[in-house]
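By the numbering used here, the letter at position 103 of the sequence shown is numbered 90, and the numbering carries on one by one without gaps.
Note that CB positions come from ideal geometry on N, CA and C, so glycine has one too.
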Amino acid sequence: MVDLYCKELKLPGLRKSFREVAREALAQGRSHTEFLAACLAQEVLSRRESRLRSRMNQAKFPAVKTLESFDFTAIPDLSKPEVLALAQGDFIRRKENVVCLGNSGTGKTHIAIALGVAAIAAGYRVRFVQVVNLVQELLQANAEYRLPKYLKGWQKVDLVICDELGYIGLGPGGPLLFQFLAERYERGSVIVTSNLEFSRWGEVFGDATLTAALLDRLTHHAHILLFNGQSYRFKESRERQVAATGGTAEKGVVNN
């Protein structure tokens, strides 16, 4: 009967664990109140885990990255204490931004995703998107006269991670990306990763005035993280090659 009641009341966590909780309560001589509290605790835990899985799926990360797996020694100019502080999520509560600048392969996307994962664990809604894909979605929405509706759909996202700004020119999508980012100004947080320094963003947007206006908004309340170093991916590739050849391959300096 308990199983049926749990199903009717939509208590999947309790339905899955009540038998084990009952056995433990009986073995430990717990009171009815303690038993009930233990049952409810299992349901709360189950719902938290389910919500976490759901938000991780909604984030659409290409891979799950953590700060624990990042080699900060490879990027000595990157402040580990600052990154760990950002992982607490206060910048999201304050509607601030993070901009990660540096060469390709130095770990910008890794850190951006890791901060996103930490934000989800803290209860925030996160969405990861590559800039090239975001621009295509904006162009399509604009062509189909549903841009306002499309932009509104992002309002419920606490943190948007825009990855790889600067690899290609935006063309007619530049003004639309500006509008997307401008609408989040002091309303929601953004993490942007780019291989270009700010002085070259005009090459991407194709409009100096537009670029200046965007940078003014994006960096007004922003944490700038600089990734100065050689490619971490190249380093890992070289290390694997060295290991495979028993250390005979020429070692190269690498970074992520």
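Assigned secondary structure, residue i (DSSP; H/G/I helix, E/B strand, else coil)
| i | result |
| --- | --- |
| V240 | Note that V240 scores 35 on pLDDT, short of 50, meaning its location in the model is unreliable and no value can be drawn from it. |
| I178 | strand |
| D203 | helix |
| N120 | helix |
| L(-4) | coil |
| V147 | strand |
| L323 | For residue 323 there is no data in the structure shown, the boundaries of the chain being -12 and 243. |
| T198 | helix |
| V113 | strand |
| L183 | coil |
| L65 | coil |
| L157 | coil |
Integer Cβ distance of residue i from residue j, believed to fall under 8 angstroms
| i | j | result |
| --- | --- | --- |
| L39 | I107 | 7 angstroms |
| L23 | G0 | 14 angstroms between Cβ atoms; not a contact. |
| T206 | D150 | Not a contact, Cβ separation roughly 18 angstroms. |
| V147 | R187 | Actually they are not in contact, since the Cβ atoms of V147 and R187 sit about 22 angstroms apart, beyond 8 angstroms. |
| V129 | A209 | At residue 129 the sequence reads Asn, which differs from the Val that was named. Not really, about 27 angstroms apart at Cβ, beyond 8 angstroms. |
| F165 | F192 | 7 angstroms |
| A46 | G103 | 6 angstroms |
| R133 | A169 | Not confirmed; about 19 angstroms, so no contact. |
| L54 | L65 | Contact flag wrong, Cβ pair sits at about 11 angstroms. |
| G153 | S181 | 4 angstroms |
| L197 | G160 | Rounded, the Cβ-Cβ distance is 12 angstroms, inconsistent with contact. |
| V122 | L163 | 7 angstroms |
Endpoints, beta strand (DSSP E) assigned at residue i
| i | result |
| --- | --- |
| N84 | 84 to 89 |
Element boundaries [alpha helix (DSSP H), containing residue i]
| i | result |
| --- | --- |
| F5 | -1 to 15 |
| A46 | 19 to 46 |
| H208 | Unbroken run through H208: none, as it is neither H nor E. |
| Y137 | 134 to 140 |
| A101 | 95 to 108 |
| D77 | 77 to 80 |
| A50 | No alpha helix (DSSP H) contains A50, which DSSP labels as neither H nor E. |
| F192 | 188 to 192 |
Local Cβ density within 10 Å of residue i, reported as buried at 16 or more and exposed below that
| i | result |
| --- | --- |
| S56 | exposed |
| I155 | exposed |
| S41 | exposed |
| T93 | buried |
| I211 | exposed |
| K238 | Confidence in K238 is poor, its pLDDT being 40 and thus under 50, which makes the residue's placement too unreliable to answer from. |
| G89 | buried |
| A105 | buried |
| H19 | exposed |
| N243 | Legend: pLDDT at N243 = 40, less than 50; position of this residue unreliable, no value from coordinates given. |
| S37 | exposed |
| K52 | buried |
| G158 | exposed |
| L201 | buried |
| D77 | exposed |
| A74 | buried |
Any C-beta of chain D under 8 angstroms from that of residue i
| i | result |
| --- | --- |
| G94 | You won't find chain D in this structure, because it holds only one protein chain. |
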